[in-house]
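The structure under discussion appears below in the form of structure tokens.
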Amino acid sequence: MASACLQLLLIIFIAATVSGTQSLKETGKTRAPFSCKEYDEWTNGKQVRKSCPDGEYFSEDTHQCDDLRMVKCVLNPCEEGRSYPRGFCIQSYDLCYQLVVHQKFCPTNYAFNGAQCTPLVTCIKENHETVVKNVGNKKFTSSQCDEGETTNHPSDCTMYRLCENGQWEDKSCSWLEHYDIKTNKCIYWDYQCSYDSLCNESEVRSIFGRCSEYLQCKKGVWKQIKCEDGTNFQEGACQRKPCPLRPIAGRCDLFMQPGNDQKYQCPLETLFDKIERQCVPKKDAKCAVSECEDGDTTFVHDDCRKYKLCENHLWQEKACKWLYHYDVISKECKFLSYTCGKEQKSIDIAPTNPKRHINPCEIENEKRGVKGDCDSYQVCKNGEWINEKCNVWGKFDTSEKECFYFKMWSVKCA
């Protein structure tokens with residue numbers, strides 16, 4: 001109850017502060033960062049994100065939506081993985097993924113404070129001193145620059161930045177003009193252009209969770225580049241090799257990188273695709289389905305010396321030691337007296353009117369000798385006696401009901 005009252009009092013205080021001291025952005029409109037189509041409208045100190053109609057961009061010259069063919073809009077790439085606020089202590093924020101911002105939302109009664117989602121009352125409390133400090137300057141946000149100051153644009157010489165209401169705003173020079181950093185004006189000839197370099201020209205780097213694209217530095221900013229079909233980015237270049245990232249069966253949100261067993265999580269709104277072997281939008285992901293439970297074993301149909309072990313929810317083929325064979329009864333590799341999986345008959349679904357077994361038995365896996373043949377024996381499988389044979393030099397003992405190899409002279413045959 002006390003927390004709710006504190007929250008209400010803080011909100012009322014800020015509302016009164018803003019209404020009593022007109023913000024310079026109180027009725028203005030500014031283009032939203034990283035978007036040509038969206039803009040922020042300020043009313044009574046409150047920032048509201050809006051979008052232009054289809055076919056229109058927000059013009060920074062007219063401060064309204066105009067035909068996109070008449071508006072020059074240059075976007076700077078966002079910083080991969082970084083979150084950006086959409087206003088003062090509000091629930092929504094922008095997340096940069098693959099150099100494009102995507103709108104996200106904090107939980108109910110939480111707000112984005114510029115770094116993370118925090119309880120709304122905490123966010124307002126943290127920013128209380130900032131609000132009070134800026135009231136005397138008639139600003140709702142801290143000033144980035146001096147009014148009327150200009151500087152170069154970070155990625156386009158035909159544009160510049162102008163300080164308006166304490167914030168940097170992108171502007172365009174007239175046709176054929178370029179911004180000159182010596183005179184801080186747009187001129188026709190003999191201009192000197194400069195970029196605020198965020199990287200070294202032609203430098204490349206990989207994109208987390210992706211192989212089909214990479215980042216390359218062009219004119220001081222990172223640009224996303226797509227590899228040619230059939231190639232993937234690795235070791236600093238697009239190569240005709242499969243993507244080295246590995247799926248984890250049963251966990252569509254995780255993947256593994258080569259060289260270690262550490263598990264990594266795909267970015268928000270993406271899952272790991274087992275075919276492309278990279279993080280893709282959720283709706284397009286083909287996940288690696290779980291085939292088994294880790295640690296389980298089973299036989300290989302065509303080779304008694306091999307078996308399958310379940311690892312990471314997928315069957316992996318393994319081999320027994322020399323002279324050992326996989327026993328389907330004990331489910332382990334044995335040196336002697338084993339039952340081979342490839343000799344087992346497949347079990348079919350019982351028909352509506354099942355036939356009676358010609359040679360029936362009752363106790364599963366029970367063994368018995370074969371009259372007149374010490375090398376052979378029978379084992380009860382699915383209600384029927386199945387013929388088996390001891391290995392070379394082995395004899396079946398009817399008393400012990402197993403094959404013996406070193407006391408053949410004392411074996412009791414059937």
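Numbering (full-length UniProt numbering), first residue to last: 1 to 414.
Ideal placement from N, C-alpha and C gives every residue a C-beta, glycine not left out.
Exercise. Helix, strand or coil: how does DSSP classify Glu126 here?
Worked result: helix
Exercise. With a cut-off of 8 Å, do at least 3 Cβ pairs link the region 397-406 to the region 368-382?
Worked result: yes
For this session: Could you spell out where the beta strand (DSSP E) holding Phe112 opens and where it closes?
Result: 110-112
Exercise. Is Arg86 near the ligand HEM, in the sense that its beta carbon is under 7 Å from a heavy atom of that ligand?
Worked result: Of ligands this structure carries none, so the ligand HEM is not represented either.
Problem set entry | Cβ pair count under 8 Å reaching 3, the region 227-247 against the region 57-75 | no
Exercise. Based on Cα-Cα distance, which residue from Thr339, Thr297, Asp273 lies nearest to Lys389?
Worked result: Thr339
Exercise. In this structure, what does DSSP give as the bridge partners for Gln224?
Worked result: Leu215
For this session: Within the same chain, show all residues whose beta-carbon is closer than 7 Å to that of Gln192, passing over the 5 residues directly before and after it, in chain order.
Result: Asp180, Ile181, Lys182
Exercise. At which residues does the beta strand (DSSP E) containing Ser67 begin and terminate?
Worked result: Correcting the residue identity first, residue 67 is Asp in this sequence and not Ser. Looking at the DSSP string, the run of the beta strand (DSSP E) that includes Asp67 is 64-67.
For this session: Give the straight-line distance between the Cα atoms of Trp393 and Cys320, rounded to the nearest whole angstrom.
Result: 21 Å
For this session: Note down, in chain order, each residue of its chain lying with its Cβ closer than 8 Å to the Cβ of Lys308, except the 5 sequence neighbours on either side.
Result: Thr297, Thr298, Phe299, Val300, Trp315, Gln316, Glu317, Lys318
Exercise. If you pair each beta-carbon of the region 204-215 with each one of the region 274-285, do three or more pairs fall below 8 Å?
Worked result: yes
For this session: Any chance you could list the alpha helix (DSSP H) runs of at least 4 consecutive residues sitting entirely within the UniProt domain "Chitin-binding type-2" (358-414), in chain order?
Result: none
For this session: Within the same chain, show all residues whose beta-carbon is closer than 6 Å to that of Asp273, passing over the 5 residues directly before and after it, in chain order.
Result: Val280, Ala285, Lys286
Problem set entry | Length of the line joining the Cα atoms of Pro33 and Asp40 | 9 Å
Exercise. Roughly how far, in whole angstroms, is the beta-carbon of Leu95 from the beta-carbon of Leu268, given that I think they are within contact range, below 8 Å?
Worked result: 6 Å
Exercise. Relative to the alpha-carbon of residue 474, which residue among Cys238, Pro258, Lys241, Arg240 has its alpha-carbon at the smallest distance?
Worked result: The displayed coordinates of the chain run from 1 to 414. Any statement about residue 474 would go beyond what the structure contains.
Exercise. In terms of DSSP beta bridges, what is Cys163 paired with?
Worked result: Trp168
Problem set entry | Where the beta strand (DSSP E) containing Leu271 begins and where it ends | 270-273
Exercise. If you draw a straight line from the C-alpha of Cys266 to the C-alpha of Ala115, how long is it?
Worked result: 20 Å
Problem set entry | Same chain, Cβ closer than 7 Å to Val411, neighbours up to 5 away in sequence not counted | Cys374, Lys395, Asp397, Phe404
Exercise. Does the beta-carbon of Glu147 have 16 or more other beta-carbons within 10 angstroms, so that it is buried, or is it exposed?
Worked result: exposed
For this session: Would you tell me roughly how many angstroms separate the C-alpha atoms of Asn52 and Asn109, rounded to the nearest one?
Result: One detail in the question is off: residue 52 reads as Cys in this sequence, not Asn. So the two alpha carbons sit approximately 29 Å from each other.
Problem set entry | Beta carbon of Ser330 nearer than 8 Å to that of Glu402 | no
For this session: Give the straight-line distance between the Cα atoms of Gly20 and Trp42, rounded to the nearest whole angstrom.
Result: Bear in mind that a pLDDT of 37 at Gly20, under 50, signals an unreliable position, so the number given afterwards is only what the model happens to contain. Whole-angstrom Cα-Cα distance: 15 Å.
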